[in-house]
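Just so you know, the sequence shown maps onto residues -14 to 120 in my numbering. Where is the CB? At the ideal position from N, CA and C, for every residue including glycine. Right, one structure below, let's go through it.
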Amino acid sequence: MRKIKTQNLKANFRGGQALLVAILMVTAATLAIGLAIAAIGSTQVNIALASKQSAQAYGLSESCLENTLMRMARANFSVPPPFTNGLGNCTIEISGSVPYQITSTGNVGKTYRKIRATVIINNEVINIQKWEEVY
């Protein structure tokens, strides 16, 4: 009788070991999948933030360039001071003379977007010859 009980205990112990190993393997696989999903989610958040900042920097750069064109149409050819708002800032560079090359650089976070326009201004009339994003 004593021998039968010992054999049953050994069989139960081996079965418990196998179950524990199986549970640990399933837990490790689940953890690996969860970490992969979290990494993908984090990457997607970073991509969305960079995309948003890029659009904001482009809009800021475009606004500063349009503001400069309005100033120049009113015969103010001086370089406007850098513009800063809650999102970021932009700077303007004016080079050449008839046609003028105006370069506006918008900066939001770590993202920069630059637009260059080639324009002729005559009697408050703006003739835009070229408008392009510069990389």
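Cβ neighbour criterion (16 or more within 10 Å) applied to residue i
i, result
"Gly71", "exposed"
"Asn92", "buried"
"Met57", "buried"
"Tyr120", "exposed"
"Gln29", "exposed"
"Ile113", "exposed"
"Ile22", "exposed"
Local conformation of residue i per DSSP, three classes
i, result
"Gly91", "strand"
"Ser48", "helix"
"Ser27", "helix"
"Val64", "coil"
Counterpart residues of residue i in DSSP-defined beta bridges
i, result
"Lys99", "Thr90 and Val119"
"Tyr43", "For Tyr43, which the question treats as bridged, DSSP gives no partner whatsoever."
"Val110", "Asn107"
"Thr76", "Thr90"
"Thr163", "Outside the displayed range of the chain (-14 to 120) lies residue 163, so it cannot be described from this structure."
Cα-Cα separation, residue i to residue j
i, j, result
"Leu108", "Ala60", "A small fix is needed here, since residue 108 is Asn in this sequence, not Leu. C-alpha separation (whole angstroms): 9 Å."
"Ser174", "Ala33", "The question about residue 174 has no answer, for the chain in this structure spans -14 to 120."
"Met55", "Ala40", "23 Å"
"Gly73", "Gly94", "7 Å"
"Ile144", "Ala14", "There is simply no residue 144 to check, as the chain begins at -14 and stops at 120 in what is shown."
"Ile111", "Thr103", "10 Å"
"Pro66", "Thr90", "13 Å"
"Ser46", "Gly19", "41 Å"
"Ser63", "Ser36", "33 Å"
"Thr76", "Asn52", "12 Å"
"Ser48", "Glu118", "14 Å"
"Phe68", "Lys115", "23 Å"
"Ile8", "Leu16", "12 Å"
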